[in-house]
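Working notes for the structure below.
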Amino acid sequence: MNYPLSTHDSALSTRSQEFSRRCFLKAASTLGLVSLSSCAGRKPTWKKGGYRKPNQSQVAILKAASYDRDLTSVILDGIKSFHLDVVGKRVLLKPNLVEYERDTVINTHPAVIGAAIEAFLKLGAKEVKVGEGPGHRRDTDGLLLASGLYPFLKDTKTQFVDLNLDDIRRMPLQSDFMGIDSLYFADTVLQSDLLVSMPKLKTHHWAGMTLSMKNLFGIVPGVKYGWPKNFLHWHGINESIVDINSTIRSHFSIVDGIVGMEGNGPIQGTPKPVGVLVFGDDPVAVDATCARVVGLKPERIDYLKSAKAFLGNLDPAGIRQLGERVSQVVKPFEVIESFRHLKI
Amino acid sequence: MRTQIINFLLEQQNTDGSWGFSPGKAGAIEATAYALMSLTWEEPGRKAIERTLEFLRKTQTARGAWPVTTQDSEEAAWATALAGLALLGFEGTDSMRSAAAQFVVDSFGRHPRPWVLRLADWMRSFDASYVEENRGGWKWNPDTANWVEPTSYALMFLKKFQQSVANSPASGGSTMKPIIAEAELLLYQRMCKEGGWNYGNARVLGEELRPYPLTTAVALIALQNASNPECQKSLGYLQRAVREERSALALCMVAHCFSLYGIQAEPWMQAATVLYSETQFFHNIKTSALAVLALQSLNGKSPFRLAG
Numbered sequence: 001m002n003y004p005l006s007t008h009d010s011a012l013s014t015r016s017q018e019f020s021r022r023c024f025l026k027a028a029s030t031l032g033l034v035s036l037s038s039c040a041g042r043k044p045t046w047k048k049g050g051y052r053k054p055n056q057s058q059v060a061i062l063k064a065a066s067y068d069r070d071l072t073s074v075i076l077d078g079i080k081s082f083h084l085d086v087v088g089k090r091v092l093l094k095p096n097l098v099e100y101e102r103d104t105v106i107n108t109h110p111a112v113i114g115a116a117i118e119a120f121l122k123l124g125a126k127e128v129k130v131g132e133g134p135g136h137r138r139d140t141d142g143l144l145l146a147s148g149l150y151p152f153l154k155d156t157k158t159q160f161v162d163l164n165l166d167d168i169r170r171m172p173l174q175s176d177f178m179g180i181d182s183l184y185f186a187d188t189v190l191q192s193d194l195l196v197s198m199p200k201l202k203t204h205h206w207a208g209m210t211l212s213m214k215n216l217f218g219i220v221p222g223v224k225y226g227w228p229k230n231f232l233h234w235h236g237i238n239e240s241i242v243d244i245n246s247t248i249r250s251h252f253s254i255v256d257g258i259v260g261m262e263g264n265g266p267i268q269g270t271p272k273p274v275g276v277l278v279f280g281d282d283p284v285a286v287d288a289t290c291a292r293v294v295g296l297k298p299e300r301i302d303y304l305k306s307a308k309a310f311l312g313n314l315d316p317a318g319i320r321q322l323g324e325r326v327s328q329v330v331k332p333f334e335v336i337e338s339f340r341h342l343k344i
Numbered sequence: 345m346r347t348q349i350i351n352f353l354l355e356q357q358n359t360d361g362s363w364g365f366s367p368g369k370a371g372a373i374e375a376t377a378y379a380l381m382s383l384t385w386e387e388p389g390r391k392a393i394e395r396t397l398e399f400l401r402k403t404q405t406a407r408g409a410w411p412v413t414t415q416d417s418e419e420a421a422w423a424t425a426l427a428g429l430a431l432l433g434f435e436g437t438d439s440m441r442s443a444a445a446q447f448v449v450d451s452f453g454r455h456p457r458p459w460v461l462r463l464a465d466w467m468r469s470f471d472a473s474y475v476e477e478n479r480g481g482w483k484w485n486p487d488t489a490n491w492v493e494p495t496s497y498a499l500m501f502l503k504k505f506q507q508s509v510a511n512s513p514a515s516g517g518s519t520m521k522p523i524i525a526e527a528e529l530l531l532y533q534r535m536c537k538e539g540g541w542n543y544g545n546a547r548v549l550g551e552e553l554r555p556y557p558l559t560t561a562v563a564l565i566a567l568q569n570a571s572n573p574e575c576q577k578s579l580g581y582l583q584r585a586v587r588e589e590r591s592a593l594a595l596c597m598v599a600h601c602f603s604l605y606g607i608q609a610e611p612w613m614q615a616a617t618v619l620y621s622e623t624q625f626f627h628n629i630k631t632s633a634l635a636v637l638a639l640q641s642l643n644g645k646s647p648f649r650l651a652g
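Note that the protein sequences, when read in sequence, are chains C and X.
Everything in the first sequence is counted per our numbering, starting at 1 for the first residue and increasing by one.
Everything in the second sequence is counted per our numbering, starting at 345 for the first residue and increasing by one.
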């Protein structure tokens, strides 16, 4: 059979770099294509005071050659360099758990998650939970077992929360890049004191990179928005990333860059050893630093371009670099053709 | 395992008659519908069933629908289809399920496309080799694309509903027939190259994507067409893939699917039982209810089974 237009691709695809599908639909159906220029020019706004961009952000790059070494010590060192107040806090670790395929590096490695659980408990957290709401898979139970995360959870008696099936709460958005006023979020996220985004260092075929900010797609509940969370795609992936992060702040990030993924990420890319864990208290600064580590220009990644205006620091001048310098650990990633312009 | 799970389900029913996805969570229509289906043939479930029917009666909207959870108010066709399917097993619910069927029928549609692309579709339609891509089905949310799971749930419900009212003059069967046919075409169109389905994307950026056992079982249950070569191809995939499956949720759905297609399902329920002893299915209500349903299907009882 011949499929001249790929619905499959277009159903998932995001708004273009310049204007949203929603704007396109609105304009095309009501005013004609001439109106597209006005959509392209729509200036998203954000609530003043809803989020305060730090004057100075900190990012730490610590070397970790493999998953076999003592990662708890590395993570403890990383957290301690931020003077993060953990004592008595309810910590929610949000790893990237997408799907499992043998010999791939799609997910945040379970050893990193296990080490983070141990580290936060050692630092005096009242409780540590792990939560994720995968975008495609409903059989999260199988993912926990196949990915190897379950033994770490069992050993540390850590509760896993499927954020797709959690109680849900509607929250007003603090910015309007998507053009909507509210989204539902998983209640466990809203009840935590310290949300830690723990992404895998990966390329992403729609967004360029998927890091600590894109990782928060997993706190948007599938029970409300489906599998995939097509509602977010329909309103634009980049726009959704910004609105979610303007509304729900991850207090800390730990990026699994021990082995990352280059090429056609986030699922079909190629494993690429980088040998680092990246820590930070500003997700924009963390993502920008990670982009630099893999040889990409964060200034050209759409969601970071938007986020730097009000969410966090993208310029090196606004980022205090701890641990290794970027130049000491840089490992350029291959990217798909449509993201060649991101390469340094 | 069966008795333990049934006791677990009865213990975890919310006071309003619903079930959440896990203990203590707010009522979710999907979890409630599966729990209700699983208790249909279980004697200890009588009182729980009454409370659930009352819950569904109270929460059905004026348009015949349900939202996904009690914490939401937006009507959802996929959740409505599952509630409707569950209600088919109970007398005295005719008006509720008819209203639900009407809502599901009204929610059927293609995904939104700008007029320029619709014009392109129309122009291509003059080419005999052209196959329309934008087929009607069901969505997770209004004004987004159609996907495998919501389309499958709607198909399961409407096909069973159609059969249940076949002799009624006001059955609405004639309006459902073309909708069901088009939605089935959508599923076949979204099938992965090796057979089977994932959430609904067979390929992205020219790369073939792999199917998942869970969504493949769901789609095959919705289609229930053993003589169709694409169903056969997908069953072949499922029989290969299930050997490595670690998800109890998927195993239970696959076992149920195999039962409906007359394929040996016991080994996969044994695998699910092993997982139960290890994890108690992570106290997931949906998985627990599906396990009971799958066990019942081994004895020929299934709320998904189509007559003939």
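For every residue, glycine included, the Cβ atom is placed at its ideal position computed from N, Cα and C.
As the structure is a prediction and not an experimental result, all values here were calculated from the model.
{"Check": "Proximal chain C residues relative to X:Arg590, where beta-carbon distance stays under 7 Å", "Outcome": "Gly142, Leu145, Ala146"}
{"Check": "Nearest-angstrom Cα separation, counted from X:Glu538 out to X:Glu551", "Outcome": "13 Å"}
{"Check": "Residues, ordered as in the chain, of the stretch 226 to 258 of chain C that lie near chain X by beta-carbon distance below 7 Å", "Outcome": "Gly226, Trp227, Pro228, Asn230, Phe231, Trp234"}
{"Check": "Best match in X:Phe365, X:Phe447, X:Lys391 for proximity to X:Glu418 [C-alpha to C-alpha]", "Outcome": "X:Phe447"}
{"Check": "Contact the stretch 300 to 312 of chain C vs the stretch 235 to 247 of chain C: 3+ CB pairs below 8 Å", "Outcome": "yes"}
{"Check": "Proximity of X:Leu564 and X:Leu579 at Cβ, strictly below 8 Å", "Outcome": "yes"}
{"Check": "Inter-residue Cα distance where the pair is C:Gly208 and X:Arg395", "Outcome": "50 Å"}
{"Check": "8 Å Cβ cutoff, C:Gln191 in contact with chain X", "Outcome": "no"}
{"Check": "Backbone secondary structure at C:Gly78 - three-state DSSP", "Outcome": "helix"}
{"Check": "Through-space distance from C:Pro134 to X:Pro367, alpha-carbon basis", "Outcome": "21 Å"}
{"Check": "Beta-carbon proximity list for C:Glu132, same chain, < 7 Å, skipping 5 on both sides", "Outcome": "Lys94, Pro95, Leu97, Leu163, Gly218"}
{"Check": "X:Lys369 at chain C interface by Cβ criterion, 8 Å", "Outcome": "yes"}
{"Check": "C:Gly88 vs C:Lys129 beta-carbon contact at 8 Å", "Outcome": "no"}
{"Check": "Burial state of X:Asn358, where buried means 16 or more other Cβ atoms lie within 10 Å", "Outcome": "buried"}
{"Check": "Whole alpha helix (DSSP H) elements within the stretch 413 to 448 of chain X, 4-residue minimum", "Outcome": "421 to 431"}
{"Check": "Distance CB(C:Val86)-CB(C:Phe120) smaller than 8 Å", "Outcome": "yes"}
{"Check": "Within 8 Å, strictly: CB atoms of X:Ser591 and C:Asp139", "Outcome": "yes"}
{"Check": "Neighbourhood of X:Gly480 by C-beta distance below 6 Å, restricted to the same chain and skipping five residues each side", "Outcome": "Phe452, Gly453, Arg454, Glu526"}
{"Check": "C:Glu118 - partner residues in DSSP beta bridges", "Outcome": "Its beta-bridge partners do not exist; DSSP assigns none."}
{"Check": "Where the alpha helix (DSSP H) through C:Lys154 begins and ends", "Outcome": "149 to 155"}
{"Check": "C-beta neighbour in chain X for C:Asp139, strict 8 Å", "Outcome": "yes"}
{"Check": "Chain X contacts made by the stretch 96 to 116 of chain C, where a contact means CB separation under 7 Å", "Outcome": "none"}
{"Check": "Beta carbon proximity, C:Asp9 to chain X, threshold 8 Å", "Outcome": "A caution first: C:Asp9 carries a pLDDT of 41, below 50, which makes its placement in the model unreliable, though a value can still be read off. Judged by the 8 Å Cβ criterion, C:Asp9 is in contact with chain X."}
{"Check": "Beta carbon of X:Tyr543 nearer than 8 Å to that of X:Val492", "Outcome": "yes"}
{"Check": "Of the residues C:Lys47, C:Gly49, C:Pro54, C:Arg42, the one placed nearest C:Ala317, counting alpha carbons only", "Outcome": "C:Pro54"}
{"Check": "Below-8 Å beta-carbon distance, X:Glu551 vs any chain C residue", "Outcome": "yes"}
{"Check": "Span of the alpha helix (DSSP H), counted from its first residue to its last, around C:Gly222", "Outcome": "222 to 225"}
{"Check": "CB contact check: X:Gln415 to chain C, cutoff 8 Å", "Outcome": "yes"}
{"Check": "Three-pair Cβ contact test at 8 Å for the stretch 279 to 296 of chain C versus the stretch 224 to 238 of chain C", "Outcome": "no"}
{"Check": "Through-space distance from X:Phe602 to X:Ala421, alpha-carbon basis", "Outcome": "27 Å"}
{"Check": "Contact under 8 Å by Cβ, C:Gln174 with C:Gly295", "Outcome": "no"}
{"Check": "Where the beta strand (DSSP E) containing C:Glu262 begins and where it ends", "Outcome": "252 to 262"}
{"Check": "Rounded separation between C:Thr210 and C:Thr203 - CA only", "Outcome": "6 Å"}
{"Check": "Local Cβ density within 10 Å of X:Asn643, reported as buried at 16 or more and exposed below that", "Outcome": "exposed"}
{"Check": "Where C:Pro228 sits in the DSSP three-state scheme", "Outcome": "coil"}
{"Check": "Nearest neighbour of X:Asp487, chosen from C:Phe82, C:Leu232, C:Leu153 [CA to CA]", "Outcome": "C:Leu232"}
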